[in-house]
Amino acid sequence: MVGKALANDLNIMVPDFFTSTHASPRYAASMFFTYFQAVEKVKIIAAGVNHFTWMLKLTDRQTNADLYPLFRERWQALPENFEPLTRRVFDAFGLFPIPGDEHLCEYLPWVSDPVTKPWEKYELELYEWSDHEQSREDQWSSLAQAARDKANPEEFVPNYSEGAQEVIESFLTDGHLLWEALNIPNQGQITNLPLDAIIELPGTIAADGITGAQIGELPEGIAELLRREITISHLTVDAVLYGDRKLALQALLLDSVIRDMDIAQKILDEYLIAYREQLPTFWE
Numbered sequence: 003m004v005g006k007a008l009a010n011d012l013n014i015m016v017p018d019f020f021t022s023t024h025a026s027p028r029y030a031a032s033m034f035f036t037y038f039q040a041v042e043k044v045k046i047i048a049a050g051v052n053h054f055t056w057m058l059k060l061t062d063r064q065t066n067a068d069l070y071p072l073f074r075e076r077w078q079a080l081p082e083n084f085e086p087l088t089r090r091v092f093d094a095f096g097l098f099p100i101p102g103d104e105h106l107c108e109y110l111p112w113v114s115d116p117v118t119k120p121w122e123k124y125e126l127e128l129y130e131w132s133d134h135e136q137s138r139e140d141q142w143s144s145l146a147q148a149a150r151d152k153a154n155p156e157e158f159v160p161n162y163s164e165g166a167q168e169v170i171e172s173f174l175t176d177g178h179l180l181w182e183a184l185n186i187p188n189q190g191q192i193t194n195l196p197l198d199a200i201i202e203l204p205g206t207i208a209a210d211g212i213t214g215a216q217i218g219e220l221p222e223g224i225a226e227l228l229r230r231e232i233t234i235s236h237l238t239v240d241a242v243l244y245g246d247r248k249l250a251l252q253a254l255l256l257d258s259v260i261r262d263m264d265i266a267q268k269i270l271d272e273y274l275i276a277y278r279e280q281l282p283t284f285w286e
């Protein structure tokens, strides 16, 4: 949504990237190598929208051999309680969904039925919001104490990178860095998703900008799932920009977890009250 607002509505070009594809070698690692061997040995091409991508190709970096059939075979041999929702979706759609069960469930309409409670058989758990809130408070307290103690800033530099440094460096040095998961406007890279929709796919980063990989057409069933998420994002951004409560309600009604129009309206009303200061356009 942020990418759509910046690129399409405010005309600010800011690349975004997510680490889901970088995390996916853990699947390959569980079946082929150690994690670091997997990163070094396999090449993954995945595409879709943010947090909701699908593995299109899996190849050996050295030989270019197609590892997808072997991946499928090894995946089927894993215990059935390992990522059970991913397993079912992989079987149904024929391509492997990258995010993992607890992200994947956010985008699917088959996991929130209050009668059958499918989240139980897939062992899906809600985030512990209170724990996250407490963790953030603890971090702020720790930083405040460090400032009072004039701690060495180097202590807060992480020993890993999520890519920002490498991406900025490639822009500045014309490095032509290949990055596996970039969020950019669709300029025809995925032919059966809307133009200018924010899509996630591999791309090359250079001084003159980002060139997304040409993906072509996704399987239609997968594309339809993605189109709904794109529509929700577009409706949400327009609703916020123009303070349009009807568009906001439509976005909620398209959400895969909503089962009742009255509940959608109640969520919207309570949300706009709770975030009135941050969403002034709805109150003008």
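If you count by our numbering, then the sequence shown holds residues 3 to 286, one letter each, in order.
We put the beta carbon where it would ideally sit given N, CA and C, even for glycine.
In this text, all values refer to a predicted model and were calculated from it rather than measured experimentally.
Which residue from P111, V44, V51, K43 puts its Cα closest to that of L184?
V51
Straight-line CA distance for I100 to F54?
7 angstroms
Applying the criterion that 16 or more other CB atoms from any shown protein chain within 10 Å of the CB defines a buried residue, is W285 buried or exposed?
exposed
Q280 versus E182: straight-line alpha-carbon distance, rounded
Annotation: Q280 to E182 spans about 33 angstroms, alpha carbon to alpha carbon.
N-terminal and C-terminal residue of the alpha helix (DSSP H) that A153 is part of:
Unbroken run through A153: none, as it is neither H nor E.
How many Å lie between L60 and E108 at the Cα?
25 angstroms
Can you give me the Cβ contacts of T193 inside the same chain, cut-off strictly under 7 angstroms, excluding the 5 residues immediately before and after it?
Within the same chain, T193 has close Cβ partners G218, E219.
Using only CA atoms, which one of R90, D140, G211, Q267 lies nearest to R247?
Q267
Would you identify the three-state DSSP class for A166, choosing helix, strand or coil?
helix
Can you confirm whether E272, when its beta carbon is compared against all beta carbons of chain C, has any partner nearer than 8 angstroms?
Absent from the structure: chain C. Only one protein chain is present.
R138 burial status per 10 Å Cβ neighbour count (16 or more: buried)
exposed
So, for K45: in the same chain, excluding its five sequence neighbours on each side, which residues have a beta-carbon less than 7 angstroms away from its beta-carbon?
T61, R63
Going by DSSP, what residue range makes up the alpha helix (DSSP H) through L243?
222-244
Mapping DSSP to helix, strand and coil, what is P101?
coil
DSSP on W56, reduced to helix/strand/coil?
The answer is strand: DSSP assigns W56 an E or B state.
Less than 8 angstroms between the C-beta atoms of L203 and Q189, yes or no?
One thing to note: L203 has its Cβ no nearer than 8 angstroms to the Cβ of Q189.
Residue burial classification, L145 (beta-carbon count within 10 angstroms, cutoff 16):
exposed
K45: first and last residue of the uninterrupted beta strand (DSSP E) it sits in
Note, K45: beta strand (DSSP E), 44-51.
Out of curiosity, what's the CA-to-CA distance linking A199 and Q216?
15 angstroms
Return the Cβ separation of L179 and T213 in integer angstroms, given the expectation that the two are a contact with Cβ distance under 8 angstroms.
Not really, about 11 angstroms apart at Cβ, beyond 8 angstroms.
Hey, would you say S258 sits closer than 8 angstroms to P111, going by beta carbons?
yes
Evaluate the contact criterion for the segment 240-254 versus the segment 221-232: three or more CB pairs, one atom per stretch, below 8 angstroms.
Counting Cβ pairs under 8 angstroms, fewer than three are found: no touch.
Quick one: measure Cβ to Cβ for I201 and A49, integer angstroms, because I've assumed they're closer than 8 angstroms.
Rounded to the nearest angstrom, the Cβ distance from I201 to A49 is 7 angstroms, consistent with a contact under 8 angstroms.
For my contact list, V113 and Y124 are in at a C-beta cut-off of 8 angstroms; report their separation, rounded to the angstrom.
7 angstroms
D68 versus N154, K43, P86, A253, residue with shortest Cα-Cα distance
K43
On the criterion of 16 or more Cβ atoms from any shown chain inside 10 Å, does L237 qualify as buried, or is it exposed?
buried
Start and end of the beta strand (DSSP E) containing I217?
Note, I217: premise wrong, no beta strand (DSSP E); not H, not E.
A25 versus Y273 - alpha carbon distance
Here A25 scores only 48 on pLDDT, less than 50, and its place in the model is too uncertain to base an answer on.
What are the boundary residues of the beta strand (DSSP E) that P71 is part of?
For P71, no beta strand (DSSP E) segment is defined; the enclosing uninterrupted segment is the alpha helix (DSSP H) at 70-79.
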